[in-house]
Amino acid sequence: MAASIKDVAKEAGVSIATVSRVLNDIDVVNEDTKKKVLAAIKKLGYRPNIVARSLKTQKTSTIGIIIPDISSQFYPEIVRGAEDVANIYDYNIILCNTDLDVEKEMEYLKVLKEKMVDGVLYMSSSLRKDIIELIRELEIPTVLAETIDEEKSFPSVTIDNLEAAYDATEYLIEKGNKKIAYIGPNDNNVNGTSLRYKGYKKALKENNIKLDESLICFAGTKAKDGYEAIDKILSNSSIDAVFCASDEIAMGAINSLRDKDINVPNDIDVMGFDNIYSSSIFYPKLTTIAQPMYDMGSVGMRMLIKIINKQELEKEHYVLDHKLIERNSCKK
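Counting from 1, one number per residue, gives the positions in the sequence shown under UniProt numbering.
1) Is it buried or exposed, I88, if we count other Cβ atoms within 10 angstroms and call 16 or more buried?
2) According to DSSP, I67 sits in a beta bridge with which residue or residues?
3) Could you name each continuous alpha helix (DSSP H) segment of 4 residues or more that falls completely within the region 199 to 259, going from the start of the chain to the end?
4) Which of the three DSSP states is assigned to A3 in this structure?
5) May I have the straight-line CA-CA distance separating F282 from D25, to the nearest angstrom?
6) Can you find the residues in the same chain that come closer than 8 Å, C-beta to C-beta, to R327, ignoring five residues on each side of it along the sequence?
7) Within 7 Å of any Cβ in chain B, is that where the Cβ of A3 sits?
8) Residues in its own chain within less than 6 Å of C217 by CB, not counting five upstream and five downstream?
9) What are the start and end residues of the beta strand (DSSP E) that includes T288?
10) Take I254 and list the residues in its own chain whose beta-carbon comes closer than 6 Å to its own, dropping the five residues that flank it on each side.
11) Quick one: what's got a C-beta closer than 6 Å to S329's C-beta in the same chain, skipping five residues either side?
12) At which residue ranges does the region 93 to 164 contain complete alpha helix (DSSP H) runs of 4 or more residues, listed in the order of the chain?
13) Apart from the five residues just before and just after M303, which ones in its own chain have a Cβ nearer than 7 Å to its Cβ?
14) List the endpoints of the continuous beta strand (DSSP E) containing G184.
15) Count the other CB atoms within 10 Å of the CB of D130; is the residue buried (16 or more) or exposed (fewer)?
16) Pull up the distance between the alpha-carbon of T18 and that of D27, whole angstroms please.
17) Between the alpha carbons of D187 and Y197, how many angstroms are there, rounded?
18) Under the rule that 16 or more other beta-carbon atoms within 10 Å means buried, what is T45, buried or exposed?
19) In this structure, does DSSP put I325 in helix, strand or coil?
20) So, using beta-carbon positions, are L320 and D167 closer together than 7 Å?
21) Among F273, P141, Y75, which has the Cα closest to the Cα of Q311?
22) Spatial neighbours of Y108 within its chain, please: CB distance less than 7 Å, with the 5 preceding and 5 following residues excluded, ordered by chain position.
23) I need the DSSP call for D295, collapsed to helix, strand or coil.
24) Could you please give me the residues that DSSP links to Y318 through a beta bridge?
25) Are T147 and G192 touching if we call contact CB-CB under 7 Å?
26) Among the candidates G176, N207, A164, whose CA atom is the shortest distance from the CA of G199?
27) Should I159 be labelled buried (16 or more other beta-carbon atoms within 10 Å of its own) or exposed?
28) Excluding five sequence neighbours on each side, which residues of the same chain lie with their C-beta closer than 8 Å to the C-beta of L55?
29) Would T119 be called buried (16 or more neighbouring beta carbons within 10 Å of its own) or exposed?
30) So D84 is in the beta strand (DSSP E); what residue range does that whole segment cover?
31) Which same chain residues, not among the five before or five after V299, have their C-beta less than 6 Å away from its C-beta?
32) Once the 5 residues before and after Y122 are set aside, which same chain residues still bring their CB inside 6 Å of it?
33) Go ahead and label K35 buried or exposed: buried means 16 or more other beta carbons lie within 10 angstroms of its beta carbon, across all protein chains shown.
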C-alpha cells in the first residue's frame, strides 16, 4: 500500500501541516525539520497526490508540447531540449502529435486545457486564425517554437527563416547556378517553413534572376514530396540546382535524380534545410541550413516556465542563429 502524507508525518515526528509546507517549499520550516521530512519521504517512497494538490494550488506542474509530425527527425530534437529544461524545474510533459492535421491541433489544445496543464510549447504546421483565436479563448500560457504568428502576439523562439533561405539560394547562385528550382510549402501558409519561399524569391530578385514558375513545386516537407516534385519539374524544364525547404525533401529529390541517372552534385546541386541527423549520413551528404533544434526547445521551455511563474521575460521573441553547412550535395 502506498505511503500517505500521514505516514510521512509520523515517520518524521512532525505534523501533517509541516509535511505539506515542505512539499510546497514554504519557507517557514527550519532546515533540520525539513531534512527529517525529506528523509522520511525518501524512506517511505511517498509520492504526493498530484490531482489533489493541483486542485488546491491551481497548478499541475505539467506542460503540453504540441508537434506536427512525430515521424520527422526535426521535432523530436526540439522536444528533447524542451524536456531537459522541464526536468530541471520538475515539470512533467504531455506530448501531442497532430499528424499535420489542424483539427487534431485544435482538439489537443482543448484536451490540454481540460488536463489543466500549466502551459503549452506549441509547434504548428499552420497557424491559422481560428487556432490563434482558440489559444486566446482557452487562456493557456503559450510559447511558439520554430514558428511565429503574423501579429507576433505570442512569445516565440525561431530562426530567421526568410534570411536563412536567402542565404541558401545565394549560395547556389554563387556556384554559378541560374535555373534554381524550389520545392517546399507555399508562402500563403502562416508558419516558419513558408517563409523559405520568400527568401528564395528575394535572392533571385536581388541577383536579377527572373522567377520561373515552371521551376517551382509547392509541396509538403517529406521525402516523397521531393521525389514527386523532381518528376514534375523535369517534365517541364531543365535545372542547374534545387533549393529544398527541408532535408527530407532534399533526400527525396536526390533519390529521384539518381533514378534518372542524374548525378548530384556534378549535374545538379541540391540544397537542404534543417540539418537533421540523416543529412550527415545520407549519400551524398547534404549541404544544408542548420537550425539549432535543441536550443529552440530549451529556450522555448525556459520562456514558458517564466511565464507560468509570472516572471518577466528578457525578450518576447528570440531569433536564434542559423548556419550554412557545406557538405557534398553541392559542387565545391
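Note that beta-carbon positions come from the ideal geometry of N, C-alpha and C, so glycine has one too.
In short, the structure shows the following:
1) exposed
2) N97
3) 223 to 236, 247 to 259
4) coil
5) 50 Å
6) S279, S280, P284, K285, L286, T287, T288
7) No chain B is present in this structure, which holds just one protein chain.
8) I183, A229, K232, I233
9) 288 to 290
10) V264, V270
11) V264, P265, V270, P284, L286, T287
12) 102 to 114, 129 to 138
13) V143, P155, V157, L313
14) 180 to 184
15) exposed
16) 11 Å
17) 6 Å
18) In the sequence as presented, Thr is not what sits at residue 45; that position holds Gly. By the neighbour-count rule (16 or more Cβ atoms within 10 Å), G45 is not buried but exposed.
19) strand
20) no
21) P141
22) I66, C96, T98
23) helix
24) V157
25) yes
26) A164
27) buried
28) Summary for L55: the model assigns pLDDT 48, below 50, so the residue's position carries little reliability, and this model does not support an answer.
29) For clarity, residue 119 is Gly in the given sequence; the question names Thr instead. Burial call: buried.
30) No beta strand (DSSP E) contains D84, which is instead part of the alpha helix (DSSP H) from 74 to 88.
31) V157, Y318
32) I66, T142, L144
33) exposed
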